[in-house]
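**Student:** Following this message is one structure expressed as structure tokens.
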Amino acid sequence: MKKRTILAALFVIVSVTGCATNVPMGAPSKDEALKTFAAKHTHAGVYIYRNEFVGPIILMNVQVDGHPLGQTGPKVYLYTEISPGKHVITSTSISQFTGNPVDETAQLEFEAVAGKNYYIWQEVKYSWYQVPHAKLHLVDETEGQKGVLETKLAVPR
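Its first residue numbered 13, the sequence shown is counted upward by one per residue in the numbering used here.
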């Protein structure tokens, strides 16, 4: 019984500390500059953020229009600029055991307008069989900026 308790405690500690969440982080100066939320006139800015601590050892691959943007972990965001028009953001879970993508993908399609910022909240959930997956939510400016301010910049690929 004592061994089970110790193993359970160890599992909780590892889950909470996030032993495998090493995403490359951006320069603090760039993070600070992006948090002014200054929009470009010719492009749209996209902030994809994960401000929760759910799934601390879970990394997510993020793509924009089928091109890799980077990875998110808890309390990080990615930023990119896109041309006006229709775009698709895709999020794919990465197995915490193998490091390979799993078959859990979320997509969000939206129409971007030049001179505007878009904020996409990446919510991490667990399926009934404990495979992590993300839900992508296009949120308003107030909620999005609040979420981004709670996170730090990850380096895009």
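Ideal placement from N, C-alpha and C gives every residue a C-beta, glycine not left out.
Here the structure is a predicted model, which means the values were calculated and not measured.
If I'm right that S105 touches A146 with Cβ under 8 Å, what's the distance once you round it to whole angstroms?
**Tutor:** Position 93 of the sequence shown, counted from the first residue, corresponds to residue 105. Position 134 of the sequence shown, counted from the first residue, corresponds to residue 146. Confirmed, about 7 Å.
**Student:** Going along the chain, which residues of its own chain have a beta-carbon closer than 7 Å to the beta-carbon of K128, five neighbours each way excluded?
**Tutor:** For this step, residue 128 is matched to residue 116 along the sequence shown. Excluding residues within five positions, the ones whose Cβ falls inside 7 Å are A51, A56.
**Student:** Would you call the stretch 132-139 and the stretch 65-81 in contact, with 3 or more CB pairs under 8 Å?
**Tutor:** yes
**Student:** Between Q75 and V35, is the Cβ-Cβ spacing less than 8 Å?
**Tutor:** Your numbering for residue 75 matches position 63 in the sequence shown. Your numbering for residue 35 matches position 23 in the sequence shown. No, the pair does not count as a contact, with Cβ atoms beyond the cut-off.
**Student:** Provide the residue(s) that pair with T84 in DSSP beta bridges, ordered along the chain.
**Tutor:** For the purposes of this step, residue 84 is taken as residue 72 along the sequence shown, with counting starting at 1. Note: T84 sits in a beta bridge opposite M72.
**Student:** Can you give me the C-alpha to C-alpha distance between P168 and D152, rounded to a whole angstrom?
**Tutor:** As a position in the sequence shown, residue 168 is number 156, starting the count at 1. As a position in the sequence shown, residue 152 is number 140, starting the count at 1. Cα to Cα, the separation comes out at about 23 Å.
**Student:** Identify, in the order they occur along the chain, each residue of the same chain with its Cβ nearer than 8 Å to the Cβ of G97, setting aside the five sequence neighbours on each side.
**Tutor:** Locating residue 97 in the sequence shown gives position 85, counting from the first residue. Closer than 8 Å at Cβ, skipping near neighbours: E123, A124.
**Student:** My parser needs the beta strand (DSSP E) runs of 3 or more residues fully inside the stretch 123-165; what are they?
**Tutor:** 129-138, 144-151
**Student:** Rounded to whole angstroms, what's the CA-CA distance from T117 to P86? Just pull it up for me.
**Tutor:** For this step, residue 117 is matched to residue 105 along the sequence shown. For this step, residue 86 is matched to residue 74 along the sequence shown. C-alpha of T117 to C-alpha of P86: approximately 18 Å in a straight line.
**Student:** For Q134, which of A126, L165, T102 has the nearest alpha-carbon?
**Tutor:** The count along the sequence shown starts at 1 and reaches residue 134 at position 122. Cα-wise, what sits closest to Q134 is T102.
**Student:** In three-state terms, what does DSSP make of A45?
**Tutor:** Translated into the one-based positions of the sequence shown, residue 45 becomes position 33. A45 sits in a helix when the DSSP states are folded into three classes.
**Student:** Check each candidate in E121, L148, H149, V88 and name the one with the smallest Cα separation from L46.
**Tutor:** Numbered from 1 along the sequence shown, position 34 holds the residue referred to as residue 46. For the residues E121, L148, H149, V88, the minimum Cα distance to L46 belongs to V88.
**Student:** What does T102 pair with, by DSSP beta-bridge criteria?
**Tutor:** To locate residue 102, count along the sequence shown from 1; it is residue 90. Paired residue(s): Q75, Q119.
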